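In what follows, a structure is listed as structure tokens, so that the remarks can point back to it.
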Amino acid sequence: MGQSNGNHEHLGRGEGRGDPRRVADVHAQTRRGLTQAAVFLAAAVAAALAGIGEGWWLPLHLFVVGSLLSAISAGALMLSVTWSAAPAPRPAIATSQRGLLAAGAVGLVVGRELGWTQLFVAGGAAVIASMLGLVVMLLRVRREAVTARFAPAIEGYVVAVAAGSAGMVMGILVVAGPAQTRLADLRAVHLTLNLFGLVGLVVASTLPFFAATQVRARMSRRATPRAMRASLAVLVAAVTITTAGHLISRSSIVAIGLLQYSLALVAVATMLPIYSTRRMAWAGPRVWQLATGVGWWIAMTVARAVATLRGVDDRSVLQALVIGGY
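Printed below as a string of structure tokens:
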């Protein structure tokens, strides 16, 4: 496990290695969460190949809501518990959160495709409730952490889920709200808060730690808690600027927010460790996958800024971001 600058600041009263059962407990929960993610991923691929639904909405939401959110829920808890040495959430609580998310995702896509507005709204509300449940579990892990050096990641997860929950509310309004709310601008806000807010902030908060663990190296000395919190703040500000630009229909402001986001990602990349040749050889394709993923993410963010300024359809850019970057 990578370590940050020898910082062994502690939270709470624990001075040891934390709950000895935490890793086994949280890994059992993670396996169930990733299995759920795999089921939704298979359903998304099958729906896309079979041409089920109107356009790409159904397979995209099966993937993002069902698969990606299941993976984020499982992964964020697993990393938070493992890194912080806090006890794992109770199995019943984690199971309830996963079940609520799965039921909500199914209700969301079925209700939308069949035109059953009440089912769509209920499904969306269930997904939001499951995300708020995830926030509660993450805050408990943060409070009961033995070591504080991984706190910036947990804080990033909480902010990301809050942004995503707001984005989900916008998505419900686009489909089921009053006629005057069904605007392209609200749809763009929904996409921004979920793709760049929820998913993006989770990934950005994880990278400085995860990049080190992939090669069993120490974290970069540049990845201090202050630097990580500062990069998170800039990313959150960029998401806020982009969202505001969409709400007031100003493409220039949207582009400014997206370009700021891409620059913040470059700053995050500078906090990743510089690998030795020996460690790169040991890690193999994982290093290249991580590097190309970050590069693709930055490139697609810039591409969306350019598409926004030109006033062209950015659907293909968003698809490339989801599939190639995330």
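Residue numbers for the sequence shown follow this note's numbering, beginning at 4 and rising by one. Heads up, the beta-carbon is just placed ideally off N, CA and C, and yes, glycines get one too. All values derive from a computational prediction rather than experimental measurement.
Self-check item: Buried or exposed (CB count within 10 angstroms, at least 16 for buried), residue 200
Solution: In summary, residue 200 is buried, with 16 or more beta-carbon neighbours lying within 10 Å of its beta-carbon over all protein chains present.
Exercise. Please classify residue 227: does DSSP put it in a helix, a strand, or coil?
Key: In this structure, DSSP gives residue 227 a state outside helix and strand, which the three-state scheme calls coil.
Quiz item: So what's residue 219 in DSSP terms, helix, strand or just coil?
Solution: It is coil, neither helix nor strand.
Quiz item: Smallest Cα separation from residue 324: which of 316, 290, 308, 303?
Solution: For residue 324, the nearest C-alpha among the options comes from 303.
Quiz item: Just the Cα atoms here: how many angstroms apart are residue 125 and residue 111?
Solution: Residue 125 and residue 111: Cα-Cα distance of roughly 7 Å.
Quiz prompt | Candidates 203, 212, 280, of which the one nearest residue 299 by Cα | solution = For residue 299, the closest alpha carbon among the candidates 203, 212, 280 is that of 203.
Quiz item: Which residues mark the beginning and the end of the alpha helix (DSSP H) in which residue 254 is found?
Solution: Note, residue 254: alpha helix (DSSP H), 254-273.
Quiz item: To which residues of the same chain is residue 305 closer than 8 Å at the C-beta, ignoring the five residues directly before and after it?
Solution: Here residue 305 has 261, 262, 265 as same chain residues with Cβ atoms under 8 Å from its own Cβ, once five neighbours each way along the sequence are excluded.
Quiz prompt | Coil, strand or helix - residue 314 by DSSP | solution = In the three-state reduction of the DSSP assignment, residue 314 falls in the coil class, being assigned neither a helical nor a strand state.
Exercise. Measure how close the beta-carbons of residue 103 and residue 70 come, nearest whole angstrom, since I'm counting them as under 8 Å.
Key: The distance from the Cβ of residue 103 to that of residue 70 is about 16 Å, inconsistent with a contact at the 8 Å cut-off.
Quiz item: According to the neighbour-count rule (16 or more other Cβ atoms, all chains shown, within 10 Å of its Cβ), is residue 276 buried or exposed?
Solution: By the neighbour-count rule (16 or more Cβ atoms within 10 Å), residue 276 is buried.
Quiz item: Is residue 300 helix, strand or coil by DSSP?
Solution: The three-state reading of DSSP puts residue 300 in helix, counting H, G and I together.
Quiz item: Can you tell which of 106, 32, 257, 68 has the C-alpha that lies nearest to the C-alpha of residue 95?
Solution: Residue 95 has its Cα closest to that of 32, out of 106, 32, 257, 68.
Quiz item: Ends of the alpha helix (DSSP H) at residue 2?
Solution: The first residue shown for the chain is 4 and the last is 329, placing residue 2 beyond what the model contains.
Quiz prompt | Separation of residue 250 from residue 188, as counted between CA atoms | solution = Inter-residue distance for residue 188 and residue 250 is about 6 Å (C-alpha atoms, whole angstroms).
Exercise. Go through its chain and collect everything with a Cβ distance to residue 252's Cβ below 8 Å, but skip five positions before and after it.
Key: Here the set comprises 188.
Quiz item: Run through DSSP, which three-state label would residue 329 get?
Solution: Here DSSP, grouped into helix, strand and coil, assigns residue 329 to coil.
Self-check item: Nearest to residue 152 (by Cα), restricted to the options 139, 105, 142, 212
Solution: Of the residues 139, 105, 142, 212, the one whose Cα lies closest to the Cα of residue 152 is 212.
Quiz prompt | Under 8 Å between C-beta atoms of residue 123 and residue 136 | solution = No, they are not a contact pair.
Quiz item: Taking all protein chains shown into account, do 16 or more other C-beta atoms lie within 10 angstroms of the C-beta of residue 139, making it buried, or fewer, making it exposed?
Solution: It is exposed - the Cβ of residue 139 has fewer than 16 other Cβ atoms within 10 Å.
Quiz item: Taking the alpha carbon of residue 127 as the point to measure from, which residue in 233, 155, 27, 65 has its own alpha carbon closest?
Solution: Nearest option by C-alpha distance: 65.
Quiz prompt | Same chain only: Cβ atoms within 6 Å of residue 190, ignoring 5 sequence neighbours per side | solution = Counting only Cβ-Cβ distances below 6 Å, and skipping sequence neighbours, we find 177.
Quiz item: Going by the beta-carbon positions, is the gap between residue 75 and residue 205 smaller than 8 Å?
Solution: Yes, the Cβ-Cβ distance between residue 75 and residue 205 is below 8 Å.
Exercise. Quick one: give me the first and last residue of the alpha helix (DSSP H) that residue 33 is part of.
Key: Bounds of the alpha helix (DSSP H) holding residue 33 are 25-53.
Practice problem: Taking 8 Å as the cut-off, decide whether the C-beta atoms of residue 50 and residue 61 are in contact. | Solution: Yes. Within cutoff.
Quiz item: Cβ of residue 246 within 8 Å of Cβ of residue 192?
Solution: The Cβ-Cβ distance between residue 246 and residue 192 falls below 8 Å.
Quiz item: Would you call the CB atoms of residue 109 and residue 134 closer than 8 Å?
Solution: No, Cβ-Cβ distance for residue 109 and residue 134 is not below 8 Å.
Exercise. Could you work out which residue in 216, 174, 229 is closest to residue 196 when comparing CA atoms only?
Key: Check the Cα spacing between residue 196 and each of 216, 174, 229: the tightest is with 174.
Quiz prompt | For residue 86, three-class secondary structure by DSSP | solution = Correct three-state label for residue 86: helix.
Quiz item: For residue 274, which of 309, 312, 235 has the nearest alpha-carbon?
Solution: Here the closest residue by C-alpha is 235.
Quiz item: Of the residues 316, 29, 271, 42, which one's Cα is nearest the Cα of residue 155?
Solution: It is 271.
Quiz item: Contact check, residue 88 vs residue 149 under 8 Å by CB: the rounded distance?
Solution: Their Cβ separation, rounded to whole angstroms, is 4 Å, which keeps residue 88 and residue 149 in contact under 8 Å.
Quiz prompt | Sequence-distant residues of the same chain with beta carbon closer than 6 Å to residue 311, five excluded per side | solution = Around residue 311, the same chain offers 254, 257, 258 as residues with beta carbons nearer than 6 Å, after the five sequence neighbours per side are excluded.
Quiz item: Is the beta carbon of residue 141 sitting closer than 8 Å to the one on residue 157?
Solution: Their beta carbons are under 8 Å apart, which means residue 141 touches residue 157 by this criterion.
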